[in-house]
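Heads up, the sequence shown is in the working numbering, so the first residue is 21 and it goes up one at a time. Heads up, the beta-carbon is just placed ideally off N, CA and C, and yes, glycines get one too. Predicted model, so just to flag it, every value in this text is computed and none were measured. Below is one structure; the comments refer to it alone.
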Amino acid sequence: MTRLAAQSVTLAYDGHVVATDLDLAIPDARVTAIVGPNACGKSTLLRALSRLLRPTQGAVVLDGEVIHRLPTKQVARKLGLLPQSPIAPDGILVGDLVARGRTPHQSLFQQWSRADEQAVRSALAATGTTDLADRSVDELSGGQRQRVWIAMALAQETDLLLLDEPTTFLDIAHQIEVLDLVAQLNRDAGRTVVVVLHDLNLACRYAHHLVAMRGGRIVASGTPHEVITASTVEEVFGLAATVIDDPVSHTPLVVPHSAHTPVGG
């Protein structure tokens, strides 16, 4: 049994259904990427998996229990979320932002402790941001800022990380920097990571498991080689493409056809 799963889930905003009949088991200790066109339900699914959105039907299950029946702090001790385009308070220092990840472990009777201090130090070290601790988040580059947000999630000391489009608005070098970090966190600590990505080729390179969505439904799930075929790319994205072997990672590489490129040309 996997730790995190969606069971026959239907999701809606203000009565408008955006995703239906979602069945998904997140593989433990693996990187799962959710891919699909804009407005297909990727981020909505991630919000449901993180308990931010309650299903109108079905249930999200965490460690064998319906996630919405668990106290918020208990969920936060098990699952870390980096939302899309997070906003830091003006002028906050990196160390102070990362320290906010310790909130689920504190109470009126247990304030800042040595364990909190160690967790923050470890999170900064794991993300390569120790040298940034005394700098303002406002001063950082996009790639540095994303690593700091991931550090805050790591400071929660959870084994499950959910990242909603962590590479959006980053140039290719910073995208690789962030995804290398994701791979390292999985490889070195065995963390289960679920990440929403737009770039199919990066998803194939960095994820062990892919979930392809279109129109609020899961079209395919499995390994990159199982999911990313020419027919699936056309079905999910409406894009004619050839899928070849990536010469570096030996994962599927999607080569789109232009309107003037004949198939096989």
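Task: Run of the alpha helix (DSSP H) containing residue 225, from where it starts to where it stops - done: Working through the sequence shown from its first residue, we reach residue 225 at position 205. Its alpha helix (DSSP H) spans residues 220-226.
Open item on the list: Whether or not the stretch 177-192 and the stretch 95-108 are in contact is what I'm after, with contact meaning three or more pairs of Cβ atoms, one per stretch, closer than 8 Å; do they touch?
Closed with: Proximity of the stretch 95-108 to the stretch 177-192 meets the contact definition, three or more beta-carbon pairs being nearer than 8 Å.
Task: Helix, strand or coil at residue 54 according to DSSP, with G and I counted as helix - done: Translated into the one-based positions of the sequence shown, residue 54 becomes position 34. For residue 54, the secondary structure class from DSSP, reduced to helix, strand or coil, is strand.
Open item on the list: Applying the 10 Å Cβ sphere with the 16-neighbour rule, what's the burial state of residue 233?
Closed with: Residue 233 sits at position 213 when you count from the first residue of the sequence shown. Burial call: buried.
- [ ] May I ask you to report which of helix, strand or coil DSSP gives residue 35?
- [x] If you number the sequence shown from 1, residue 35 lands on position 15. In the displayed model, residue 35 falls within coil according to three-state DSSP, outside both helix and strand.
Task: Anticipated Cβ contact below 8 Å, residue 222 with residue 147, distance rounded - done: As a working note, residue 222 is residue 202 in the sequence shown. As a working note, residue 147 is residue 127 in the sequence shown. Going by Cβ atoms, the distance from residue 222 to residue 147 rounds to 19 Å, so no, they are not a contact pair.
- [ ] Express the C-alpha separation of residue 275 and residue 254 in angstroms, rounding to a whole number.
- [x] Taking the sequence shown and counting its residues from 1, the one referred to as residue 254 is at position 234. Taking the sequence shown and counting its residues from 1, the one referred to as residue 275 is at position 255. Residue 254 and residue 275 have their C-alpha atoms roughly 12 Å apart.
Open item on the list: Quick check on the DSSP output: the beta strand (DSSP E) that includes residue 229 runs from which residue to which?
Closed with: Stepping through the sequence shown from its first residue, residue 229 is reached at position 209. Boundaries of the beta strand (DSSP E) harbouring residue 229: 229-234, taken from the DSSP string.
- [ ] Locate the alpha helix (DSSP H) running through residue 64, then write down its first and last residues.
- [x] Residue numbering aside, residue 64 sits at position 44 when the sequence shown is read from its first letter. It spans 62-69 - the alpha helix (DSSP H) in which residue 64 sits, taken as one unbroken run.
- [ ] For residue 32, collect the residues of the same chain with a Cβ closer than 7 Å to its Cβ; drop the 5 residues on either side in sequence, then sort them by chain order.
- [x] By one-based count along the sequence shown, residue 32 stands at place 12. For residue 32, where only same-chain residues beyond five positions count, the Cβ hits under 7 Å are 38 and 76.
TODO: From the DSSP output, read off the bridge partner residues of residue 100.
DONE: Numbered from 1 along the sequence shown, position 80 holds the residue referred to as residue 100. According to DSSP, residue pairing for residue 100 in a beta bridge involves 181.
Open item on the list: Quick check on residue 70: buried or exposed, where buried means 16 or more other Cβ atoms within 10 Å of its Cβ?
Closed with: What you label residue 70 is simply residue 50 of the sequence shown in a count that begins at 1. Counting the other CB atoms within 10 Å of its CB gives residue 70 a total of 16 or more, which places it among the buried residues.
Open item on the list: Just verifying my parser: in three-state terms, what is the DSSP assignment at residue 8?
Closed with: Nothing can be reported for residue 8: it is not among the residues displayed for the chain, which extend from 21 to 285.
Task: Extent of the continuous alpha helix (DSSP H) run through residue 212 - done: Counting from one through the sequence shown, the residue named residue 212 turns up at place 192. The continuous stretches of alpha helix (DSSP H) do not include residue 212, which lies in the beta strand (DSSP E) extending over residues 212-216.
Open item on the list: Taking contact to mean 3 or more Cβ pairs, one atom from each stretch, closer than 8 Å, check whether the stretch 72-91 and the stretch 229-249 are in contact.
Closed with: Fewer than three pairs of CB atoms, one per stretch, sit closer than 8 Å, so the stretch 72-91 makes no contact with the stretch 229-249.
- [ ] For the alpha helix (DSSP H) containing residue 77, list its first residue and its last residue.
- [x] Indexing the sequence shown from 1 puts residue 77 at position 57. Going by DSSP, residue 77 is part of no alpha helix (DSSP H) but of the beta strand (DSSP E) stretching over 77-82.
TODO: Please report how far the alpha carbon of residue 113 lies from the alpha carbon of residue 199, in whole angstroms.
DONE: Numbered from its first residue, the sequence shown carries residue 113 at position 93. Numbered from its first residue, the sequence shown carries residue 199 at position 179. If you take the alpha carbons of residue 113 and residue 199, they lie about 24 Å apart.
Task: Beta carbon of residue 121 nearer than 9 Å to that of residue 173 - done: The residue given as residue 121 occupies position 101 in the sequence shown. The residue given as residue 173 occupies position 153 in the sequence shown. Less than 9 Å separates the beta-carbon of residue 121 from that of residue 173.
TODO: Just grab the DSSP bridge partners of residue 274 for me.
DONE: Sequence index remark: in the sequence shown, residue 274 carries index 254 (1-based). According to DSSP, residue 274 bridges with 263.
Open item on the list: To the nearest angstrom, how far is the alpha carbon of residue 164 from that of residue 180?
Closed with: Here residue 164 refers to the residue found at position 144 of the sequence shown. Here residue 180 refers to the residue found at position 160 of the sequence shown. C-alpha separation (whole angstroms): 22 Å.
Task: Exposed unless 16 or more other CB atoms sit within 10 angstroms - verdict on residue 183 - done: Looking up residue 183 in the sequence shown gives position 163. So residue 183 counts as buried.
- [ ] Give me the Cβ distance between residue 269 and residue 225, rounded to the nearest whole Å; I'm assuming they're in contact under 8 Å.
- [x] Position 249 of the sequence shown, counted from the start, is the residue given in the question as residue 269. Position 205 of the sequence shown, counted from the start, is the residue given in the question as residue 225. That belief holds up - the Cβ atoms of residue 269 and residue 225 are roughly 5 Å apart, short of 8 Å.
Task: Cut-off 6 Å between Cβ atoms - residues of its own chain near residue 210, not counting five sequence neighbours on either side - done: Counting from one through the sequence shown, the residue named residue 210 turns up at place 190. If we look at residue 210 and ignore the five residues flanking it on each side, its Cβ neighbours are 49.
Task: Spatial distance of residue 28 from residue 42 (CA atoms) - done: Here residue 28 corresponds to residue number 8 of the sequence shown, with the count starting at 1. Here residue 42 corresponds to residue number 22 of the sequence shown, with the count starting at 1. Whole-angstrom Cα-Cα distance: 5 Å.
Open item on the list: Using C-beta distances below 6 Å, list every residue in its chain close to residue 83, excluding the 5 sequence neighbours before and after it, in chain order.
Closed with: Mapped onto the sequence shown, residue 83 falls at position 63. A distance below 6 Å between beta-carbons, with the five flanking residues on each side excluded, links residue 83 to the following residues of its chain, in chain order: 23.
TODO: Report all residues from its chain with a CB closer than 7 Å to the CB of residue 249; omit the five preceding and five following residues, and keep chain order.
DONE: Your numbering for residue 249 matches position 229 in the sequence shown. Within the same chain, and ignoring the five residues on either side of residue 249 in sequence, the residues whose Cβ sits closer than 7 Å to its Cβ are 263.
Task: For residue 86, three-class secondary structure by DSSP - done: Locating residue 86 in the sequence shown gives position 66, counting from the first residue. Strand at residue 86.
- [ ] Taking residue 53 and residue 215 to be in contact with their CB atoms under 8 Å, please state how far apart those CB atoms are, rounded to whole angstroms.
- [x] Numbered from 1 along the sequence shown, position 33 holds the residue referred to as residue 53. Numbered from 1 along the sequence shown, position 195 holds the residue referred to as residue 215. For a cut-off of 8 Å, the C-beta gap from residue 53 to residue 215 is around 5 Å, short enough to register as a contact.
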